[in-house]
Structures are given as structure tokens and as C-alpha cells.
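Since the structure comes first, as C-alpha cells, the remarks are kept for the end.
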Amino acid sequence: MITIENISKSYKDVQVLNIPELRIPKGQSFGLVGNNGAGKTTLFSLLLDLIEPTSGQITNNEVPVHKSEDWKPWTSAFIDESFLIGYLTAEEYFYFIGDLRGVSKTEVDKFLVPFEEFFHGEILNQKKYLRDLSKGNQKKAGIVAALIGKPEVIILDEPFANLDPTTQIKLKKLLKQLSEEEQVTILISSHDLMHVTDVCERIVAIEKGEIHKDLEKTDATLKELEAFFER
Amino acid sequence: MVAKFLQLEWKQFSRSSYFAKSLGIKILMIFLFLYFSAIAVVMGGGFYYIVKDAVPEQDPLVFLSSYFIFWILADLAIRFFWQQLPVMNIKPLMILPIQKNKVVHYLLGKSIFSFFNLYPLLFFVPLAGVLIYNSYGVLSVLVWLVSVLVISLSLNFINFIINKNNTYFYSILGLIALASVANYYQLIDFNAVSASVFYPLYAQQWTVILPVLLLILVYTINYTYVFNQFSLDGVVGKKTAKVETKELNFLNRFGATAPFLKNDFRMVWRNVRPKQVLFTAVFFLFYGLFFFTQDFYADKEWVTVFAGIFVTGGFLITFGAYVPSWDSEYYKLMMSQNIPYKQYLESKWLLICSGCIIASVLSIPYIYFGTKIYAIILAGAIFNIGMNSFITLYGGALNRVPIQLNVKAKAFENTQGFNLTQFLIGLPKMLLPIIVFLIPYYFFGLKAGLIGLAGTGILGILLKNPIMKLIEKTYQKGKYKTIAAFSEK
Chain A
1 MITIENISKS
11 YKDVQVLNIP
21 ELRIPKGQSF
31 GLVGNNGAGK
41 TTLFSLLLDL
51 IEPTSGQITN
61 NEVPVHKSED
71 WKPWTSAFID
81 ESFLIGYLTA
91 EEYFYFIGDL
101 RGVSKTEVDK
111 FLVPFEEFFH
121 GEILNQKKYL
131 RDLSKGNQKK
141 AGIVAALIGK
151 PEVIILDEPF
161 ANLDPTTQIK
171 LKKLLKQLSE
181 EEQVTILISS
191 HDLMHVTDVC
201 ERIVAIEKGE
211 IHKDLEKTDA
221 TLKELEAFFE
231 R
Chain B
232 MVAKFLQLEW
242 KQFSRSSYFA
252 KSLGIKILMI
262 FLFLYFSAIA
272 VVMGGGFYYI
282 VKDAVPEQDP
292 LVFLSSYFIF
302 WILADLAIRF
312 FWQQLPVMNI
322 KPLMILPIQK
332 NKVVHYLLGK
342 SIFSFFNLYP
352 LLFFVPLAGV
362 LIYNSYGVLS
372 VLVWLVSVLV
382 ISLSLNFINF
392 IINKNNTYFY
402 SILGLIALAS
412 VANYYQLIDF
422 NAVSASVFYP
432 LYAQQWTVIL
442 PVLLLILVYT
452 INYTYVFNQF
462 SLDGVVGKKT
472 AKVETKELNF
482 LNRFGATAPF
492 LKNDFRMVWR
502 NVRPKQVLFT
512 AVFFLFYGLF
522 FFTQDFYADK
532 EWVTVFAGIF
542 VTGGFLITFG
552 AYVPSWDSEY
562 YKLMMSQNIP
572 YKQYLESKWL
582 LICSGCIIAS
592 VLSIPYIYFG
602 TKIYAIILAG
612 AIFNIGMNSF
622 ITLYGGALNR
632 VPIQLNVKAK
642 AFENTQGFNL
652 TQFLIGLPKM
662 LLPIIVFLIP
672 YYFFGLKAGL
682 IGLAGTGILG
692 ILLKNPIMKL
702 IEKTYQKGKY
712 KTIAAFSEK
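For the protein sequence lines, the chains are A and B, in the order given. Numbering-wise (the working numbering), the first sequence opens with residue 1 and increments by one. Numbering-wise (the working numbering), the second sequence opens with residue 232 and increments by one.
Here it is in C-alpha cells:
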């Protein structure tokens, strides 16, 4: 689904990312781990064409991301708060995203029903603008919005940070279900090795912009990752 | 302690991104500042003689007193829109061993150092000098000067009280309207009332005590307010706005651009900054009065073209100039969601055009000055829609200064989103209409000039698709730079 070839990104003369090759097949749940500044967000920003690669190219379902906008209909993401529109209420925001993805208002309402528990009564019908919600609730709204319109590729940066334990568990279930039952390609990054190994079939560890580990998940994965980061 | 605060303040100022503006902008700002200051000084110095000349039968000071109430109201209105209670980053100070009252006094004291308080000083001090020179009592004038300055300082604090509540503002606005109507029909002579209230500040020196008491009162109100709110859920915490949800279904007829239009409507309605801009745009409507009421311009038809452009182009100039910055807070979303640039730009274009159309409807009363005048305004509107809208959008592609939607612009900081390229791109907006009007006008008269102006606009509308494509390409080219610039805060 996603092919990364010779991608590199430098700011001035400092290289922050260099990935010779990475292929993510359709339906895979892909986890990206790394310390602060390892290049996780840089990679995701490149995938979304938010920054220009210094070299190489990324294709999303055969569409070269930096040359065409055609990958947008099946790709969605939540990277940070700048993906929220602060002056809208959660509903208005969901409807707006729905409009963009060709999902009608009633369909969005229907789509939101199973998330009621996930929202814990703090998102919908709150008469509050998104900018006035707590960080955690903003994140919930952003993640759910990224699921609207049956995207085939979902990119989530640090989805577990700022969430309460209950929501973390629910989110993990949800992501697993999406990748297993609906063949959605999910890319998530995290600092939390436990969560990532829980959710993802494949985990890649990056350090200083380069891939150091690329593991299919087994029972030993968590140990191996812990050993890698311990040194 | 105060020295420490000042040090923090200085660092905040000198390290802010505002300050990183180019040298040219800094010079321009200093120039503007000096220009307005000079105006104030000259007005203050000349006031006595101007009034003496215009209304020889009245004592200029009585004249001033009779209009003083209006000055107060105008000053309040201006402050309401442009001045905000200075916010110090007190959150980190809250858990440090610093006495609360010191911080609050400092915060309120700091608000005095504002251009809005300097202005009265620049105006009234020269005026007082001239009064003394013209053998008014020295002591009386000085006491009067103190009173006036204390009143202006009180306005500074009254503004912060008003600022917390829109109803205060609208009641004052209503009061002004009522007062002007009552004054016009001579139901109540506000000038007389004003004179009898404010002239004693000069004539009876003991009255100086009243403004001083007022100042103490409003300062105390502010002090108590801030002091009591000095907690995380008070002043420091974000205010939660009351939500008004409207479906805005009537916009659905615009098809694919409807979701963006809805968004833009909400953006303008729910954020402080765009509202401020909208308010400024309304002022542009009155710009024509400037030209059409003066005999000086009566025989200079070509100048009125400016008026035509400005009267209907207020929204285009004030709002349009900041496209895409309005979406800077969530630009990454816009760039990664399923949004073609084309629709995004189209929605902005429609918005700008609606601004022009609404303005041309609202300017129908200009027919009072003759249908010719209104024809000029309409031609200006067509030009704005067909030409200036595109120029503005094109200029936006080079505009990379983020805007914080829910923060008021401060006076002299309203250059967010302003840069030299912006200025150069803005030039054709003014020059082009003059050219396309002037040449046919010179040879064939007014009608030809208007046809030239409106015709260029219509041509632009006809060529909309290729022009939009060009603009779209320019935006696409600058995409990464814009995203990077907008994510800097």
C-alpha cells in the first residue's frame, strides 16, 4: 500500500531522516517507535506531503505522494492539534470532515453511534468549541474524525498520549478491529512500547532518522524492543 | 521585583516573532508611529486657533468641553476594539513566592504604557501650552490638564471593565446613537450638557478631585476583579465561549464549496480577530463620504474612482489580504484532508465577492449624492469582484504569517501578515483601476471611463477559470513553505 524509496530529509546540512526502503502492505498495522527527535513525525509528515523530501519518493497505493493529490481521498490522519478546527464544535467538525469525504450528515451521525462509549459523554452535545475541550478529549475527537469515510490508510501520531487508561484500551481494540476486519492500513507512532506491541503486527524502531529494527510481532518483540531502548 | 518583571517583559518582547520582522517593516512602523504622534501634536497645538477661526463667538475651551463627551465615547469605542488588558504570563508565577497584589498592580500599571494613553498626552499638552500662551490662567490650565489626563487614564481602566462584557459595549453604542439623534433634533442639547459638566474642570479647580476619585474607583474595580480571578480557572484560564450553532443550510446551494463557506462563516463569527476585521470593513463603507461631501472633489471625477474601489472593497482589503492566514491554525489539516486547492480558493473567492456585493447594496444611500456617484461605486464593485479579488488571492500565496484567530490585534501590531511583497502586490489593486478608468475617461468622458472599469472587471470574471488555475499553481508551489511558516508560533 505504501512504498518508501530512498527517502531522506535534511534541514540545512543536518540529516533527520534517511530510509532506503520500506514497504507497508495493505491491511498491515504498522507501529513506529523511537525516542524524541528520532524522526517519527518527520516520516509521517512526509507521508502526508506536509514537508518536501530532500530525496526519494513515497507512493501511496501507486500514487506518488509529492506529485499528485489523488491519495487524499483514501488517506486520513491525526498528527496534532493543528488537525482540529478550534472554533467548531465536535459535531460540526465531524460533519465538516464528512462533507470533505462525501459522507452525509445522517451517515456521520450513524457512524458516531458506536463511539458513544469511547467519547464518555464528553464530546458530543457539549455546547463547547473544540478549542475549549481538554487535551485528551481533543485527541479523541481528532482520532475519531480520522476514521470518518472509510479511509484505507490511517496515520496517527502518538494516539495513546494524553488519553486515560480506559480510552487507551478502547482505542487499541478499535485499531485492531480496523486492521483485521476491514483491511485498513494503520500507521501509528508511540513512545509506549507496550501499546505498540499490543496493537501492531509489525514494529519499526528508528533512531536518528534511520531504521534500526524491523520486527514482525512475536512474543519476544517487547523484550527485544526494551533491550534496544535500554542501552 | 518590578525590575525582574520588566526584565521578563523585555525578553518576551525582544524574542517574540513580531520583532523578527524585516527592517523595512520596523522602519515603516516607527514612521507610522511618528506620523500619528505628529498629527496629535499639531492638532493639539492648532486646536485653539482653528476653533477661534471657525467659531469666533465661542471660547475654544467651552467649545472643547461641549464636545468632550463625544471624545470620551469615541475613545472608549476605539479602545474597545484595539486595546486589551495586557496579559502577562502569570501562570508560571503563580506557584512562586511572589505576592499576588504585586503582580496585579504590575499588570494594571503596565496597561498605562499604551499608545492610547500617550495620544491624549500628545494632544492635550500642546493644547494646554497654547492656552497658557493665550493668557488663560496658568494654574487653572494645569489643573484642567491633570483632570483631562486623569479622565483619559480612567477610560483605560473602564475599557477593561467593558471589555469583559459585550452588553456594556452595545449599550454604549446605543447610547451614542441615541445621543446623536437626540442632539440632532435638539431634544437634549448634549453639547450644552457636556459643556456644563466638563467646563468646570477648568473654571472650578477643586473639581479635579472628581476625575481622581473616578480613576481610583475604576482602578480598584479592576484590581479586585483581577485579584479575585487570580487562579487557574480565572483570568489565566481560557474563557469558554458560549456556543451558538447554526446549520447554515442556505449555503448548501454552493455545492462542493459549501462546507468551506460554512466554515468561513463560523470562523468570522466565532473568533475575535476576524470580527475585528469585519468591523473595520464596515468603516470602509463610509469612506465615500470623505470625497463626496467635499466640494474640492466635485470636479475631479477621477479621484472618486478610489472611493468606488474602497467603499465596496472594504472586506476584500481587510479580510482578503490575510487569506490563507485565516486557516493557519489548522492548515495541516486542510493540506492533508481530501481538499483540492481549487475548492478552497473558490470558497474564499465567493466570500470576498459576497463582501463586495453586500457592500454595494449597503452603499445604495450614496444615490443621495447623485446616480453618477452610485454608478462609479457599482463600477468599482465590479472591478473589485472581477480583478481585485484575484489579485488579493494571488498575493495571499506569498503571505506566510500565521494569525491567532482568537486574539485581538494590538494597535501598531496590526501588520501581522503584512510584508513588502504584500504591499507590492497590493499596489495594482489601486493603480490598475485608475489606469483602466483614466485612459477611456480622458478621451471619451465619464461613461467610457466607467465602461473601462466595469469592463475590466467583467473580463476578469469571464477569465475566472484560467486565472484561478494560475493562482492555484502559485499556492501549490509555496505549499511546504506556507505549512512550515504556519506551524511556527
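All C-beta atoms in this analysis are idealised placements derived from N, C-alpha and C, irrespective of residue type, glycine included. Bear in mind the structure is a predicted one, so any value in this text is a computation, not a measurement.
Who are the neighbours of M498(B) on chain A, taking C-beta pairs under 7 Å? Y87
Buried versus exposed call for I777(B) [16 or more other C-beta atoms within 10 Å across all chains shown]: Lying before the first or after the last residue shown, residue 777(B) is absent from chain B, which here runs from 232 to 720.
Looking only at C-alpha atoms, which of L292(B), T623(B), Y562(B), L576(B) sits nearest to V428(B)? L292(B)
Whole angstroms are fine: how far does the CA of M260(B) sit from the CA of T646(B)? Any reading at T646(B) needs caution, since the residue's pLDDT is 43, under 50, leaving its predicted position unreliable; the model's value is listed next. T646(B) and M260(B): Cα-Cα distance of roughly 9 Å.
Pair within 8 Å by beta-carbon distance, I203(A) and H212(A): Taking C-beta atoms as the reference points, I203(A) and H212(A) fail to come closer than 8 Å.
Taking E207(A) as part of the beta strand (DSSP E), name the residues at either end of that continuous run. 202 to 207
Quick one: what does DSSP say A220(A) is sitting in, helix, strand or coil? coil
Neighbouring residues, chain A, relative to E560(B) (Cβ below 7 Å): S82, G86
Inter-residue CB distance, P151(A) and T75(A) (contact presumed, cutoff 8 Å): 6 Å
Looking at the C-beta of V467(B), does it have a partner C-beta in chain A at a distance below 8 Å? Confidence is the limiting factor: at V467(B) the pLDDT is only 46, short of 50, which leaves the residue's position unreliable, though a coordinate-based value still follows. No, V467(B) does not count as interfacial toward chain A.
Name, in chain order, the residues that DSSP records as bridge partners for K265(A). Residue 265(A) lies beyond the range of chain A shown here (1 to 231); nothing can be said about it.
Run through chain D and tell me which residues come within less than 7 Å of F96(A), C-beta to C-beta. Given the protein chain composition of this structure (A and B), no chain D is represented.
Contact belief for S371(B) with Y433(B) at Cβ below 8 Å, rounded distance in angstroms: 6 Å between Cβ atoms; contact.
Just curious, the alpha helix (DSSP H) that T75(A) is in, first and last residue? DSSP places T75(A) outside any alpha helix (DSSP H); the residue lies instead in the beta strand (DSSP E), whose first and last residues are 75 to 78.
Determine the closest residue to D558(B) out of E532(B), L690(B), V632(B), L237(B), with distance taken between C-alpha atoms. Ranking E532(B), L690(B), V632(B), L237(B) by Cα distance to D558(B) puts V632(B) first.
CB contact below 8 Å: Q435(B) versus chain A: no
C-alpha distance - I148(A) paired with L593(B), whole-angstrom precision: 42 Å
With a threshold of 8 Å, are at least 3 pairs of Cβ atoms found where one atom belongs to the region 610 to 623 of chain B and the other to the region 675 to 690 of chain B? Segments in contact, yes.
Buried or exposed, going by whether 16 or more other CB atoms sit within 10 Å of the CB of R101(A)? buried
Alpha carbon to alpha carbon, what distance is there between F388(B) and L448(B)? F388(B) has its alpha-carbon roughly 10 Å from the corresponding atom of L448(B).
Could you run through the region 114 to 142 of chain A and flag, in chain order, every residue whose CB is less than 7 Å away from some CB of chain B? K127, K128, Y129, D132
Whose CA, out of G275(B), Y337(B), S425(B), lies closest to the CA of F299(B)? Per the Cα distances, S425(B).
Go to N36(A), then tell me how far its alpha helix (DSSP H) extends in each direction, as first and last residue. N36(A): not part of any alpha helix (DSSP H); DSSP gives it neither H nor E.
Considering only the beta carbon of each residue, do P659(B) and G611(B) sit closer than 8 Å? no
With 8 Å set as the bound, which would you pick, yes or no: does the beta-carbon of A77(A) sit closer than that to a beta-carbon of chain B? yes
What residue does the beta strand (DSSP E) around T197(A) start on, and which one ends it? Taken as a continuous stretch (DSSP letters only), T197(A) belongs to no beta strand (DSSP E), being part of the alpha helix (DSSP H) at 193 to 199.
Cβ contact (3+ pairs, closer than 8 Å) linking the region 535 to 552 of chain B and the region 514 to 522 of chain B: yes
Between the CA atoms of V196(A) and R231(A) - distance to the nearest angstrom: 20 Å
For M661(B), go through chain A and note every residue whose CB falls closer than 7 Å to its CB, in chain order. Those within 7 Å of M661(B) in chain A number zero; the least Cβ separation is about 33 Å.
Three or more C-beta pairs below 8 Å linking the region 354 to 362 of chain B and the region 277 to 297 of chain B: yes
Where N630(B) falls: helix, strand or coil (DSSP): In the structure shown, N630(B) sits in coil (DSSP, three-state: anything other than H, G, I, E or B).
List the endpoints of the continuous alpha helix (DSSP H) containing D99(A). 90 to 100
Is it the case that the Cβ atoms of T185(A) and Q57(A) are separated by a distance below 8 Å? no
Name the two residues that bound the continuous beta strand (DSSP E) containing G56(A). 55 to 60
For the region 702 to 714 of chain B, which residues have a CB atom closer than 7 Å to at least one CB atom of chain A, in sequence order? Residues passing the 7 Å Cβ filter: Y711, I714.
Y93(A) and A145(A) - do their beta-carbons sit closer together than 8 Å? yes
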